[in-house]
Amino acid sequence: MDSLTPTQRDRGLQRLRRLTFGATAGGLIAVVGVGYAAAASYAGKSSSTATAQSTTTTTTTDTTTSSSSSSSTTSSSGLQSAPQAPTTGSSGSGTVTTGGS
Amino acid sequence: MALALKSWKALGTSVLVLTTHDDRLEPATTAVRQILEDVDAAYSRFREDSELTHLNASPGRAIHVSSLLATAIDAALRAARITDGAVDPTIGHAIRVAGYDDDFSRIAAGGPHPALPRERGREIDSGERGRQMKLRAWHVPGWQAIRLDRGSRTVWLPPGVELDLGSTGKALAADLAATAAMAAAGKGGVLVSLGGDIGTAGESPSGGWRILVAEDSRVKPSGDGDVICVPAGGVATSSTTVRRWSRGGVILHHIIDPQTSLPTSGPFRTVTVVAGTCLDANVASTAAIVRGEAAIDWLTGCRLPARLVENDGTIHYIGPWPDPTSVAA
Chain A
1 MDSLTPTQRD RGLQRLRRLT FGATAGGLIA VVGVGYAAAA SYAGKSSSTA TAQSTTTTTT
61 TDTTTSSSSS SSTTSSSGLQ SAPQAPTTGS SGSGTVTTGG S
Chain B
102 MALALKSWKA LGTSVLVLTT HDDRLEPATT AVRQILEDVD AAYSRFREDS ELTHLNASPG
162 RAIHVSSLLA TAIDAALRAA RITDGAVDPT IGHAIRVAGY DDDFSRIAAG GPHPALPRER
222 GREIDSGERG RQMKLRAWHV PGWQAIRLDR GSRTVWLPPG VELDLGSTGK ALAADLAATA
282 AMAAAGKGGV LVSLGGDIGT AGESPSGGWR ILVAEDSRVK PSGDGDVICV PAGGVATSST
342 TVRRWSRGGV ILHHIIDPQT SLPTSGPFRT VTVVAGTCLD ANVASTAAIV RGEAAIDWLT
402 GCRLPARLVE NDGTIHYIGP WPDPTSVAA
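As they're listed, the protein sequences go chains A and B.
The first sequence maps to residues 1 to 101 in this note's numbering.
The second sequence maps to residues 102 to 430 in this note's numbering.
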C-alpha cells in the first residue's frame, strides 16, 4: 500500500471531520424531532393539562349562603385542594352521605 | 330558602341532587340526568353499544372518540401519572376476569376460579381466610400503553389492553353534573352525589354542605359518624368494604392493585378525601387504598384533608381534617 502525501492526509482528515459533524448534527436533529413527536403524543400522555391547572371559585354573600372568595390550589402532587378546609358539622337538613359504593 | 333534594338510581349507583333554591331543583335535575346519560353512552363498561366497549374491542387501531370519552381518558391518565400508576385505567381485563364483569347488581356473589389462558394469566397465592389459596389474576399492562391525542381525539390501545374508567369516571361525572346543574339552575348552589362521590358548584348553604362520612354510601344521613361541612370542592370515599364478591373461595372487591392485578390487601379499608374537585378527591382516596402503608405519608405530602380507616377500625386524620371532637357547627 502506497503511503499518503501530507496533502492527501489533510484532505482525508477534513472529510472525516465533516462526516463526524454531519452525523452528530443529524443525530441531534433526530433526537429533538422524536422528542417533539413524543411530547405531542406518546404512550400514556395527552396534550392537554387543563384538569391539572388551578381554578378560582368565588361565592357571593346573602343571608343564607356562605360567604367566601378564595382559590383552589394545586399541590406539588398535582392534586387540587379545596378553597377552604372542611369544618366539623352536625347532622341536619340536607346532610349527604359519602362512603364506598 | 330551603334545600331541595331529588334522588334516583343511575350508572349502577345512587344519584342525589341537592339545590339551595327549591325552585331550581327541576332544571338542575334535568341537567344531571342528561350528563349521566351521556356518561353512560360514552364510557359504561357494561353497555355493548358504549364508546368504551367499542374502543376496547378495537386494539391496535386509532379510534376517534367523543369529547366526553377523550376527557374521561385524559382524566384517567392524569390520575395514573400523578399516583405513579396506583390508579390505573388498564385494569379493565383484570377486574373483569376477577369476576366484576357486569353491572354489580347482576354479578354472582360467588363462583369458581376464572379460567385464563396460561400464557396471559398469573397465579398468585392469596392468604384470605387464613389459608393459602390460588387465585388466577390478569396482568395489568399499565397506563403507559395508552396513546391519546387530545387534539384529534384519537385513542390507540395495544392488543390485550382493556380500559376501565369506573373509578375516575364516576368522580368526573359528579363534577361535570354539578357544573351542568349549576348552569341550569342559574342561581344558588348545587351538590351532586354519585354513590357517595360528591361534586359541588356555586354557593354552599350557610356553613357549607353537610357531609356524613361513612364507609358505605348507603348509610342514612342521620346515621352515626363524623359530619363535616364542606364550603366548596369535592369529596370522595374509596372502600374495600363494599362491592365484594367471591371467586374460588376468595373474597374479592373492586379496588385493584395494578402491581398485583388483584384486589388490594393493604392496611386501610376506607379512605375519604376532600379536594378541589370530586375527581381529585377520588384519585387521592383510591390511590391511598392501593398504596397501603405508604398512604399516610403520601396524603400528608398532598396536603389534602383525609380520613383513613384501618382494617381493625382505627381512624387516622390527615391534613386539615376537622377535629371530630370539637363543637359541631
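Where is the CB? At the ideal position from N, CA and C, for every residue including glycine.
Please read all numbers here as calculations on a predicted model, not as lab measurements.
Query raised in the report: From B:Ala149 to B:Gly193, what distance separates their C-alpha atoms?
Result: The sequence shown places Glu at residue 149 of chain B, rather than the Ala named in the question. Distance between the alpha carbons of B:Glu149 and B:Gly193: 15 Å.
Query raised in the report: Out of B:Tyr418, B:Thr255, B:Thr415 and B:Gly402, which has the shortest C-alpha to C-alpha gap to A:Ser81?
Result: Nearest C-alpha to A:Ser81 among B:Tyr418, B:Thr255, B:Thr415 and B:Gly402: B:Gly402.
Report task. Rounded to whole angstroms, what's the CA-CA distance from B:Asp327 to B:Pro425? Just pull it up for me. Result -> CA-CA distance, B:Asp327 to B:Pro425, rounds to 6 Å.
**Report entry** Span of the beta strand (DSSP E), counted from its first residue to its last, around B:Gly297
**Finding:** Note, B:Gly297: premise wrong, no beta strand (DSSP E); not H, not E.
Query raised in the report: In terms of alpha-carbon separation, which member of B:Ser362, B:Ala163, B:Ala388 and B:Leu106 lies closest to B:Ala337?
Result: The candidate whose alpha carbon is nearest that of B:Ala337 is B:Ala388.
Report task. Compare the C-beta of B:Trp109 against all C-beta atoms of chain A and say whether one is closer than 8 Å. Result -> Chain A contact via Cβ: absent.
Query raised in the report: Going by Cα to Cα distance, which pick from B:Leu156, B:Ala281, B:Thr301 and B:Pro128 is closest to B:Ile174?
Result: Of the candidates B:Leu156, B:Ala281, B:Thr301 and B:Pro128, the one whose C-alpha sits nearest the C-alpha of B:Ile174 is B:Leu156.
Report task. Name the residue from B:Ser339, B:Gly303 and B:Pro242 whose alpha carbon lies nearest to the alpha carbon of B:Asp276. Result -> Ranking B:Ser339, B:Gly303 and B:Pro242 by Cα distance to B:Asp276 puts B:Gly303 first.
**Report entry** B:Gly124 at chain A interface by Cβ criterion, 8 Å
**Finding:** Rather than Gly, the amino acid found at residue 124 of chain B in this sequence is Asp. Not an interface residue.
**Report entry** Complete runs of the beta strand (DSSP E) confined to the stretch 258-302 of chain B [at least 3 residues]
**Finding:** As far as the stretch 258-302 of chain B is concerned, its whole beta strand (DSSP E) runs of at least 3 residues are 290-295.
Query raised in the report: So, B:Ala286 versus B:Thr120, is the Cβ gap smaller than 8 Å?
Result: Contact: yes.
Report task. For chain A, find out if any of its Cβ atoms is closer than 8 Å to the Cβ of B:Glu316; answer yes or no. Result -> It does: the Cβ of B:Glu316 has a partner Cβ on chain A nearer than 8 Å.
Query - Residues of the stretch 245-261 of chain B whose Cβ lies closer than 7 Å to any Cβ of chain A, in chain order - result: Answer in chain order: Gln245, Ala246, Ile247, Arg248, Leu249, Asp250, Arg251 and Gly252.
Query raised in the report: Among B:Arg248, B:Ile356 and B:His355, which residue has its Cα nearest to the Cα of B:Arg162?
Result: Just measuring C-alpha positions, the residue of B:Arg248, B:Ile356 and B:His355 sitting nearest B:Arg162 is B:Arg248.
Query raised in the report: Using a Cβ-Cβ distance under 8 Å, would B:Val291 count as near chain A?
Result: At a cut-off of 8 Å between beta carbons, B:Val291 makes no contact with chain A.
Report task. Anything in chain A within Cβ reach of B:Arg311, meaning under 9 Å, just list it in chain order. Result -> In chain order: Gly89, Ser90, Ser91, Gly92, Ser93, Gly94, Thr95 and Val96.
Report task. Hey, could you find the ends of the beta strand (DSSP E) B:His165 is sitting in? Result -> Element bounds for B:His165: Ala163 to His165.
Query raised in the report: So with Cβ pairs under 8 Å, would you call A:Ser48 a contact of chain B?
Result: Legend: pLDDT at A:Ser48 = 37, less than 50; position of this residue unreliable, no value from coordinates given.
Query - Opening and closing residue of the beta strand (DSSP E) in which B:Trp310 lies - result: Per DSSP, B:Trp310 belongs to the beta strand (DSSP E) from Trp310 to Asp317.
Report task. Using a cut-off of 8 Å between C-beta atoms, extract the partners of B:Ala337 located in chain A. Result -> Thr98, listed in chain order.
Report task. Tell me whether B:Arg345 sits in a helix, a strand or coil according to DSSP, three-state version. Result -> For B:Arg345, the secondary structure class from DSSP, reduced to helix, strand or coil, is strand.
Report task. With B:Glu411 as the anchor, note down where its beta strand (DSSP E) starts and where it stops. Result -> Per DSSP, the continuous beta strand (DSSP E) segment holding B:Glu411 begins and ends at Ala407 to Glu411.
Query raised in the report: If you run the structure through DSSP and keep just helix, strand and coil, what is B:Pro190?
Result: DSSP places B:Pro190 in helix when its eight states are reduced to three.
Query raised in the report: If you pair each beta-carbon of the stretch 353-371 of chain B with each one of the stretch 406-417 of chain B, do three or more pairs fall below 8 Å?
Result: Verdict: yes, contact present.
Query - Option in B:His354, B:Gly334 and B:Ala333 with minimal Cα separation from B:Ser340 - result: Taking only the C-alpha atoms, the option nearest B:Ser340 is B:His354.
Query raised in the report: Can the beta-carbon of B:Pro190 be found closer than 8 Å to that of B:Ala177?
Result: Taking 8 Å as the cut-off, the Cβ atoms of B:Pro190 and B:Ala177 count as close.
Query raised in the report: Going by other Cβ atoms of all chains shown within 10 Å of its Cβ, with 16 needed for buried, is B:Trp109 buried or exposed?
Result: B:Trp109 is classed as exposed because its beta carbon has fewer than 16 other beta carbons within 10 Å across all chains shown.
Report task. Report back the beta-carbon spacing between A:Thr87 and B:Cys379 to the nearest angstrom; my notes put them in contact at under 8 Å. Result -> The distance from the Cβ of A:Thr87 to that of B:Cys379 is about 19 Å, inconsistent with a contact at the 8 Å cut-off.
**Report entry** Residue environment, B:Asn383, which counts as buried when at least 16 other CB atoms sit within 10 Å
**Finding:** With 16 or more other Cβ atoms from the protein chains shown falling within 10 Å of its own Cβ, B:Asn383 counts as buried.
Query raised in the report: At a cut of 8 Å, does the stretch 90-101 of chain A reach the stretch 315-323 of chain B through at least three beta carbon pairs?
Result: Contact between the stretch 90-101 of chain A and the stretch 315-323 of chain B is present, because at least three Cβ pairs lie under 8 Å.
Query raised in the report: Got a sec? Which residues, its chain only, sit under 8 Å from B:Ser167 by beta carbon, not counting five neighbours each side?
Result: Apart from sequence neighbours up to five positions away, the residues of its chain that approach B:Ser167 with a beta-carbon distance below 8 Å are Ala143, Glu152 and Arg254, ordered along the chain.
Query raised in the report: What does a CB cutoff of less than 7 Å around B:Trp422 pick up in its chain, not counting 5 residues either side in sequence?
Result: Excluding sequence neighbours, B:Trp422 sits near Pro406, Ala407 and Arg408.
Report task. Return the chain-ordered list of same chain residues with a C-beta closer than 6 Å to the C-beta of B:Ala180, the five sequence neighbours on each side being excluded. Result -> Cβ within range, chain order: Val188, Thr269 and Val384.
Query raised in the report: Helix or strand or just coil, what does DSSP make of A:Thr87?
Result: DSSP places A:Thr87 in strand when its eight states are reduced to three.
Query raised in the report: Taking all protein chains shown into account, do 16 or more other C-beta atoms lie within 10 angstroms of the C-beta of B:Glu138, making it buried, or fewer, making it exposed?
Result: Counting the other Cβ atoms within 10 Å of the Cβ of B:Glu138 gives fewer than 16, which makes it exposed.
**Report entry** Own chain residues within Cβ distance below 7 Å of B:Ala103, not counting five before or after
**Finding:** Counting only residues of its own chain and dropping the five nearest sequence neighbours on each side, B:Ala103 has a CB closer than 7 Å to the CB of Asp123.
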